[in-house]
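Before any comments, here is the structure.
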């Protein structure tokens, strides 16, 4: 009887873990789909970030390409700890330096879409408007 209860508990935990994993994957994909496109900084219109479906992010300033990164959206924080609530944007430059941003949200306001990011260690959010 005891072994049956333990088996049921283990199966329940396993099923819950699988369901949570699929939910996190679906959310991650949704955020990735939403971030694809061109974003202009709300603070400085010369600052432009372009996210492509091939997982690259190109940063421009005054129309000049500054950097190209590979990007990923993950549930792991900037300290690589699993975070089941927030998502993070990670920009990797030439497999060396990684920049990490907490994604505060991607929201619509009428016809406009906004992206709010928070750079690791800087409490002031960055706001971008989708072009």
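In the working numbering, the protein residues as written are 32 to 162. The beta-carbon is built from N, C-alpha and C at its ideal position, and this holds for glycine as well.
Would you report the Cα separation of residue i and residue j, rounded to the nearest angstrom?
{"i": "residue 148", "j": "residue 95", "result": "22 Å"}
{"i": "residue 80", "j": "residue 118", "result": "18 Å"}
{"i": "residue 122", "j": "residue 132", "result": "8 Å"}
{"i": "residue 113", "j": "residue 144", "result": "28 Å"}
Start and end of the beta strand (DSSP E) containing residue i?
{"i": "residue 143", "result": "143-150"}
{"i": "residue 95", "result": "95-105"}
{"i": "residue 123", "result": "118-124"}
{"i": "residue 84", "result": "Note, residue 84: premise wrong, no beta strand (DSSP E); not H, not E."}
{"i": "residue 140", "result": "128-140"}
Would residue i pass as a contact of residue j if the rule is Cβ separation under 8 Å?
{"i": "residue 137", "j": "residue 65", "result": "yes"}
{"i": "residue 158", "j": "residue 73", "result": "yes"}
{"i": "residue 88", "j": "residue 151", "result": "no"}
{"i": "residue 156", "j": "residue 135", "result": "yes"}
Whose C-beta lies closer than 7 Å to the C-beta of residue i among residues of the same chain, with five residues either side of it excluded?
{"i": "residue 77", "result": "92, 93"}
{"i": "residue 99", "result": "87, 89"}
{"i": "residue 54", "result": "Confidence is the limiting factor: at residue 54 the pLDDT is only 43, short of 50, which leaves the residue's position unreliable and the question unanswerable from this model."}
Near residue i, which residues of its chain fall below 6 Å by C-beta distance, leaving aside the five closest residues on each side in sequence?
{"i": "residue 63", "result": "104"}
{"i": "residue 97", "result": "90"}
{"i": "residue 68", "result": "161"}
Excluding the 5 residues preceding and the 5 following residue i in the sequence, name in chain order all residues of the same chain whose CB lies nearer than 8 Å to its CB.
{"i": "residue 70", "result": "79, 80, 81, 82, 146, 159, 160, 161, 162"}
{"i": "residue 107", "result": "113, 114, 119"}
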